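Q:
Number of protein chains: 2
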Amino acid sequence: MDSSQLLKGVLDLAVLAVLKERDGYGYDVVRRLREAGLDEVGDASVYGTLRRLFKAGALTSYVVASDEGPHRKYYGLNDVGRGMYASSARTWAEFSATMASLLKEAE
Amino acid sequence: MDSSQLLKGVLDLAVLAVLKERDGYGYDVVRRLREAGLDEVGDASVYGTLRRLFKAGALTSYVVASDEGPHRKYYGLNDVGRGMYASSARTWAEFSATMASLLKEAE
DNA sequence: TGCCACTATTACGCAAAGCGCAGTAGTGTG
DNA sequence: CACACTACTGCGCTTTGCGTAATAGTGGCA
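Here the protein sequences come in this chain order: A and B. With UniProt numbering, letter number 36 in the first sequence gets 36, and the count goes up by one each step, no holes. With UniProt numbering, letter number 70 in the second sequence gets 70, and the count goes up by one each step, no holes.
1) DSSP state of M1 of chain A, grouped into three classes?
2) Going along chain B, which residues have a C-beta under 7 Å from V10 of chain A?
3) Please confirm if F95 of chain A has its CB atom under 8 Å from at least one CB of chain B.
4) Should residue 121 of chain B be labelled buried (16 or more other beta-carbon atoms within 10 Å of its own) or exposed?
5) Which of the three DSSP states, helix, strand or coil, is assigned to A93 of chain A?
6) Return the chain-ordered list of same chain residues with a C-beta closer than 7 Å to the C-beta of R34 of chain B, the five sequence neighbours on each side being excluded.
7) List the residues of chain B whose Cβ lies closer than 9 Å to the Cβ of G37 of chain A, in chain order.
8) In chain B, which residues lie with their C-beta within 8 Å of the C-beta of K20 of chain A?
9) For K104 of chain B, count the other beta carbons within 10 Å of its own beta carbon; 16 or more makes it buried, fewer makes it exposed. Which is it?
10) Given that A17 of chain A touches chain B, what residues does it touch there, using C-beta distances under 8 Å?
11) Is the Cβ of A58 of chain A closer than 8 Å to any Cβ of chain B?
12) Note down the Cα distance separating Y75 of chain A from E21 of chain B, rounded to an integer number of angstroms.
13) Since L11 of chain B and T60 of chain B are thought to touch, with beta carbons under 8 Å apart, how far apart are those beta carbons, to the nearest angstrom?
14) Rounded to a whole number of angstroms, what is the C-alpha to C-alpha distance between V18 of chain B and S88 of chain B?
15) Can you tell me which of A:Y25, A:V46 and A:G24 puts its alpha carbon nearest to the alpha carbon of S4 of chain A?
16) Tell me, please, whether the CB atom of A44 of chain A is closer than 8 Å to any CB atom in chain B?
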């Protein structure tokens, strides 16, 4: 199974999770996701997800100048984003529990 | 989060899991998945998955006449399918563990 | 000076896959 | 004869992750 397909529908949640810890900019979010174990995530996917979540009203955004490269566009969760995180995390927990029991039956 | 997106990349594994228990035909697989908790799975998705897995050489297929409706096209796992199941299940386990730790950090 | 390498973002288009819906068809019930 | 349930197929839509290219700033090295 191509693990990239597994990200469908979950990358939003993963991005919300790292931003819930603390604000971050695109490049930083990519690094943190990869360090967390999602080492195959593409940078374009993360940038796209950030834009999508921002457009959906879940994120705040502010630009910060950097002394070691170009400017950085930081993103952070607002109330909508925190609500989205909570409900997505719950949905994910239920779904993964369902899959776990399904796989256990097939053993 | 739309839980239908979560199925992407996982429906294959779910179908392989129910067929690993015992052979089944499309309509039957749909029912068993829904009973297992994947109540939102669409029938067209399952039929498509069965065809795709069969085309990929993971399934055997045989038609059985039914006395309570049209004929039934049964599917079962062959060696390729069992191998696919094993590797997909392992990939899924690793992925869900990664997500679990990511969500735990964000608490 | 010129050439990389790293940081950082955006835009374009592709491909996979689940789903809605329509269509076909067999069986049994009122 | 209309309807409901079973059972399968095909078409087109949408979402979404990804590959690739383009743009741009900074710093190191020969």
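Glycine included, each C-beta is placed from N, C-alpha and C at the ideal position. Note that this is a predicted model, so its numbers are computed, not measured.
A: So, to answer that:
1) Only weak support exists for where M1 of chain A lies, its pLDDT of 48 falling under 50; the coordinates are left without a value.
2) L6 and M99
3) yes
4) This structure cannot settle anything about residue 121 of chain B, because the visible part of chain B is limited to 1 through 107.
5) Helix at A93 of chain A.
6) V41
7) E94, F95, A97, T98, M99, S101 and L102
8) A106
9) exposed
10) L102, L103, E105 and A106
11) Output row for A58 of chain A: interface = no.
12) 46 Å
13) Actually they do not touch by this definition, with Cβ atoms about 20 Å apart.
14) 14 Å
15) A:V46
16) Judged by the 8 Å Cβ criterion, A44 of chain A is not in contact with chain B.
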